[in-house]
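Residue 37 is where the sequence shown starts when you use our numbering, and the numbers rise one by one after that. Working notes for the structure below.
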Amino acid sequence: MLATLPLLEVSDFPSIRREKTSTLQVNLGYRCNLSCLHCHVAAGPNRTEMMLAEHIDLVIDVLKARNIGTLDLTGGAPELHENFRELVTKARALGVTVIDRCNLTILFEPGQETLAEFLAEQEVEIVASLPCYSLENVDKQRGKGTFDASIEGLKKLNSLGYGMPGSALKLNLVYNPQGPSLPPNQVALEADYKRELKQHFDIEFNQLFALANMPIQRFGSMLISKGQFDGYMDLLKANYDEANLAGLMCRSLISVDWQGNLYDCDFNQQLNVALANEKPSHLRDLLTKDLDGKPVYVADHCYGCTAGQGSSCGGAL
Ligand code: SF4
Ligand code: SF4
37 MLATLPLLEV
47 SDFPSIRREK
57 TSTLQVNLGY
67 RCNLSCLHCH
77 VAAGPNRTEM
87 MLAEHIDLVI
97 DVLKARNIGT
107 LDLTGGAPEL
117 HENFRELVTK
127 ARALGVTVID
137 RCNLTILFEP
147 GQETLAEFLA
157 EQEVEIVASL
167 PCYSLENVDK
177 QRGKGTFDAS
187 IEGLKKLNSL
197 GYGMPGSALK
207 LNLVYNPQGP
217 SLPPNQVALE
227 ADYKRELKQH
237 FDIEFNQLFA
247 LANMPIQRFG
257 SMLISKGQFD
267 GYMDLLKANY
277 DEANLAGLMC
287 RSLISVDWQG
297 NLYDCDFNQQ
307 LNVALANEKP
317 SHLRDLLTKD
327 LDGKPVYVAD
337 HCYGCTAGQG
347 SSCGGAL
């Protein structure tokens, strides 16, 4: 894979400082039942990197110590971590909102037969990637049979109340464009998704997040190899909207990798760029210190968060 960081480091992106942390986004490990072509972390069934149980305990301690209101779980498939349900139950008992970045097909994996019911009982919010509402595009990105399994997953979640009118159980979907273009208008695309999924599959959901692809990892490498990197960066910069700076997730979110190391956001984690202020750098440091007011590490990839409508819901999906 071609490295994108050297092309991003010299940047005129405005400096940003952190505010109070409201979300801890934790990557529980790289094991996944799928092996999607676009996966940021090259997750798959044979990956063995999983968060240690002692670090899972630290997550709960940090939520308490820093009074953080939202725990956002990602991976891999976070549900495959053997301590997933224990972590969710403990966080919910603290009154913390828990988000599960769910690939939908995991609901039908052996051993996960009661997962959907567990998530509903615990009122876990679900964020699921559905890059298109057509079979062909989804199977191309995520593997054969993924679209049908995703549709079955959405139906199962709807049957439990997820995404249904008047229900407290939230089901949100995420869309990324397939190539080097900006996503279409989020409101219009959400309306298309709602109409198509209702009409063809009788599926309901709450919100659609339409996010730009970041010029890093596999997508960035693909842009370089096709000679499209500079053109894509020009597109992101031409669509820079200062109004998006206020809502950047790096102001209020701390991203944690499977080893407990801290980053300003999931994208910086994927680029392996440490926090700009260096310390605290590990979950255990957050027991006694916070990051409020510290500078964020920014580079040219940050233009992916400020182009057009902005990206407010990042993370591996
Ligand atoms: S993109 Fe998501 S579902 Fe696909 S392999 Fe990566 S973690 Fe798994
Ligand atoms: S990539 Fe986005 S979220 Fe991450 S530091 Fe840059 S602006 Fe913030």
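We put the CB at the ideal spot given by N, CA and C, even for glycine.
Reference residue i; option with closest CA among the options
i           : options               : result
residue 355 : 273, 298 and 184      : The question about residue 355 has no answer, for the chain in this structure spans 37 to 353.
residue 69  : 228, 274, 248 and 186 : 186
residue 288 : 90, 106, 158 and 76   : 106
residue 135 : 164, 117 and 116      : 164
residue 252 : 100, 104 and 339      : 339
residue 330 : 311, 345 and 322      : 311
residue 206 : 233, 280 and 241      : 241
residue 286 : 267, 254, 327 and 296 : 327
residue 200 : 222, 243, 188 and 307 : 243
residue 277 : 343, 232 and 215      : 343
residue 49  : 280, 323 and 345      : 280
residue 144 : 161, 160, 191 and 109 : 191
residue 325 : 38, 78 and 56         : 56
residue 250 : 218, 231, 223 and 233 : 218
residue 40  : 336, 341 and 345      : 336
residue 196 : 79, 151 and 270       : 151
residue 239 : 62, 37, 345 and 166   : 166
residue 80  : 184, 179 and 126      : 179
residue 183 : 233, 161 and 341      : 233
residue 301 : 341, 176 and 212      : 341
residue 323 : 93, 258, 162 and 102  : 102
residue 308 : 284, 321 and 334      : 334
residue 203 : 258, 181 and 160      : 160
residue 181 : 66, 62 and 71         : 71
residue 93  : 270, 210, 126 and 258 : 126
Three-state class that DSSP yields for residue i in the structure shown
i           : result
residue 345 : coil
residue 309 : coil
residue 337 : helix
residue 301 : coil
residue 212 : coil
residue 353 : Because residue 353 carries a pLDDT of 42, less than 50, the predicted location of this residue cannot be relied on, and no value is offered for it.
residue 162 : strand
residue 39  : coil
residue 50  : coil
residue 246 : strand
residue 283 : helix
residue 199 : coil
residue 63  : strand
residue 83  : coil
residue 91  : helix
residue 236 : helix
residue 252 : coil
residue 193 : helix
residue 328 : coil
residue 121 : helix
residue 71  : coil
residue 270 : helix
Any chain C beta carbon closer than 7 Å to residue i
i          : result
residue 81 : The question asks about chain C, but that chain is absent: this structure has only one protein chain.
Integer Cβ distance of residue i from residue j, believed to fall under 8 Å
i           : j           : result
residue 123 : residue 95  : 6 Å
residue 111 : residue 64  : 5 Å
residue 128 : residue 158 : 5 Å
residue 208 : residue 245 : 6 Å
residue 305 : residue 291 : 5 Å
residue 100 : residue 60  : With 8 Å as the limit, residue 100 and residue 60 do not qualify as a contact, their Cβ atoms being about 11 Å apart.
residue 132 : residue 319 : That belief does not hold up - the Cβ atoms of residue 132 and residue 319 are roughly 15 Å apart, past 8 Å.
residue 91  : residue 296 : 5 Å
residue 248 : residue 198 : Actually they do not touch by this definition, with Cβ atoms about 27 Å apart.
residue 284 : residue 52  : 6 Å
Ligand 4 heavy atom lying under 6 Å from the CB of residue i
i           : result
residue 107 : Ligands displayed in this structure: ligand 1 and ligand 2; ligand 4 is not among them.
With 16 other Cβ atoms within 10 Å as the buried cut-off, status of residue i
i           : result
residue 43  : buried
residue 149 : exposed
residue 274 : exposed
residue 76  : buried
residue 193 : buried
residue 21  : An answer regarding residue 21 cannot be provided, because it is not within the stretch 37 to 353 covered by the chain.
residue 86  : buried
residue 189 : buried
residue 227 : exposed
residue 231 : exposed
residue 256 : buried
residue 223 : exposed
residue 351 : Note on residue 351: pLDDT 41, under 50, position unreliable in the model; no value is reported.
residue 214 : exposed
residue 45  : exposed
residue 293 : buried
residue 282 : exposed
residue 108 : buried
residue 345 : buried
residue 356 : Residue 356 cannot be examined here, being either before or after the span of the chain that is shown, 37 to 353.
residue 115 : buried
residue 221 : exposed
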